[in-house]
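Novice:
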Amino acid sequence: MKIYITCVFVDDLDKALRFYTDVLGFVKKTDLPLGAARWLTVVSPDDLDGTELLLEPDGHPAVKPYKDALVNDGIPAASFAVEDVAAEFDRLRELGVRFTQEPLEMGQVTTAVLDDTCGNLLQIVHSK
């Protein structure tokens, strides 16, 4: 068994697609109409057949309290592996990304936490 699709709830699909592709560097994989919404996924450009991230509309009544609670407690909704957290932090900061946690080394792991502009915190991480 392996992870096929995971999701992050977003407040605006078009804004999320721009952020996750133009800023974070993912690639759009699927964009299909689905009723009033869309089935919209992105993948890593390094693994086009790998795990997909579904940009899921956050319209369900349970989602806003869930997202708000995570953000208020500083908990990332998703975590993405990078080669160098400090370099990625600098690259993203240059693009105007707001971080809630600057790079932090914790033994074998370095992390940073950023705001995806769509109601979520995201973690970037590198393990030695």
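Residue numbers for the sequence shown follow numbering that gives the first Met the number 0, so the first one is 0 and each next one is one higher. Ideal Cβ placement from N, Cα and C applies to all residues, glycine included. Predicted model, so just to flag it, every value in this text is computed and none were measured.
Straight-line CA distance for Gln134 to Ala111?
Specialist: The displayed coordinates of the chain run from 0 to 127. Any statement about residue 134 would go beyond what the structure contains.
Novice: Please look up how many angstroms separate the CB atoms of Tyr19 and Val41, rounded, as I've assumed it's under 8 Å.
Specialist: In the sequence shown, counting from the first residue as 1, residue 19 sits at position 20. In the sequence shown, counting from the first residue as 1, residue 41 sits at position 42. The pair is a contact, with the Cβ atoms about 5 Å apart (cut-off 8 Å).
Novice: In three-state DSSP terms, what is Thr20?
Specialist: Translated into positions along the sequence shown, residue 20 becomes position 21. Thr20 falls in the helix class under three-state DSSP.
Novice: Measuring straight from C-alpha to C-alpha, what distance separates Lys14 and Leu94?
Specialist: What you label residue 14 is simply residue 15 of the sequence shown in a count that begins at 1. What you label residue 94 is simply residue 95 of the sequence shown in a count that begins at 1. Near 15 Å, if we compare the C-alpha coordinates of Leu94 and Lys14.
Novice: Would you mind stating whether Ala76 and Val7 have Cβ atoms separated by less than 8 Å?
Specialist: Numbered from 1 along the sequence shown, position 77 holds the residue referred to as residue 76. Numbered from 1 along the sequence shown, position 8 holds the residue referred to as residue 7. Yes, the pair counts as a contact, with Cβ atoms nearer than the cut-off.
Novice: Counting Cβ pairs closer than 8 Å, one from the segment 42-51 and one from the segment 81-93, do we hit at least three?
Specialist: Flag = no, the segment 42-51 and the segment 81-93 do not touch.
Novice: State the DSSP-derived secondary structure class of Asp30, mapped to helix, strand or coil.
Specialist: Taking the sequence shown and counting its residues from 1, the one referred to as residue 30 is at position 31. In the structure shown, Asp30 sits in a strand (DSSP, three-state: E or B).
Novice: Can you have a look at Val128 and say buried or exposed, based on whether 16 or more other CB atoms are within 10 angstroms of its CB?
Specialist: Coverage of the chain is limited to positions 0 through 127, which leaves residue 128 absent and any answer about it impossible.
Novice: Can we say the segment 54-67 touches the segment 78-85, given the rule of at least three CB pairs closer than 8 Å?
Specialist: At 8 Å Cβ cutoff, the stretches do not touch.
Novice: Can you tell me which residues form a DSSP beta bridge with Met105?
Specialist: Looking up residue 105 in the sequence shown gives position 106. The partner list for Met105 (beta bridge, DSSP) reads Val108.
Novice: So Val41 is in the beta strand (DSSP E); what residue range does that whole segment cover?
Specialist: As a first step, residue 41 is located in the sequence shown; it is residue number 42 there, counting from the start. Counting along the chain, the beta strand (DSSP E) containing Val41 begins and ends at 36-42.
Novice: Identify every run of the beta strand (DSSP E) within the segment 66-96, keeping only runs that are complete inside it and at least 3 residues long; order them along the chain.
Specialist: Counting only runs of 3 or more, we get 77-80.
Novice: What are the residues that DSSP puts in a beta bridge with Asp114?
Specialist: The residue labelled residue 114 in the question sits at position 115 within the sequence shown. Bridge partners of Asp114: Leu120.
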